[in-house]
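Each remark here refers to the structure printed beneath this line.
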Amino acid sequence: MLQLHGIDVEDHHGLIADKTQPLGNGPLIWFEVDDFDALVERAHEMGVEILLDKHCNPPDRNGGPNHWEIWMKDPEGYKVVAVSPDGTADGEWKP
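The sequence shown begins at 594 in the numbering used here and counts up one residue at a time.
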């Protein structure tokens with residue numbers, strides 16, 4: 594999934610784009626993975642720059658995708674978001 598957000602729009606997660614950065618300014622690259630917790634562990638082990646560590650979307654778990662997310666930066670400065678499949682934050686989903 595590719596999301597394009599307005600540079601001055603905060604939505605529920607705050608501003609996404611950083612006007613002072615030449616790269617990674619706005620685009621978010623999202624990957625849905627079945628092994629989300631393993632990915633989070635590997636990201637920490639590798640020293641990946643974590644922007645938002647593991648969290649539920651939506652934060653109040655009321656509607657929305659009800660999945661886990663982790664927001665990171667790639668070596669070029671672009672934001673990359675890994676997510677668990679929709680409906681997995683309640684712990685009942687099975688692949």
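For every residue, glycine included, the Cβ atom is placed at its ideal position computed from N, Cα and C.
Cα-Cα separation, residue i to residue j
i, j, result
"Glu669", "Glu625", "21 Å"
"Val673", "Leu608", "15 Å"
"Arg635", "Ile622", "18 Å"
"Met639", "Asn655", "33 Å"
"Pro578", "Lys647", "Residue 578 is absent from the structure shown; the chain starts at 594 and stops at 688."
"Asn650", "Thr681", "10 Å"
"Val633", "Asp601", "29 Å"
Nearest-angstrom Cβ-Cβ length linking residue i and residue j, presumed shorter than 8 Å
i, j, result
"Asp679", "Pro658", "4 Å"
"Leu644", "Lys612", "The Cβ separation is near 16 Å, so there is no contact."
DSSP three-state assignment for residue i, whether helix, strand or coil
i, result
"Asp653", "coil"
"Asp646", "strand"
Beta-carbon spacing of residue i, residue j below 8 Å
i, j, result
"Trp664", "Phe629", "no"
Terminal residues of the beta strand (DSSP E) in which residue i lies
i, result
"Leu621", "621-625"
Closer than 7 Å: residue i CB and nearest the ligand ATP heavy atom
i, result
"Leu608", "No copy of the ligand ATP occurs in the structure displayed, which carries no ligand at all."
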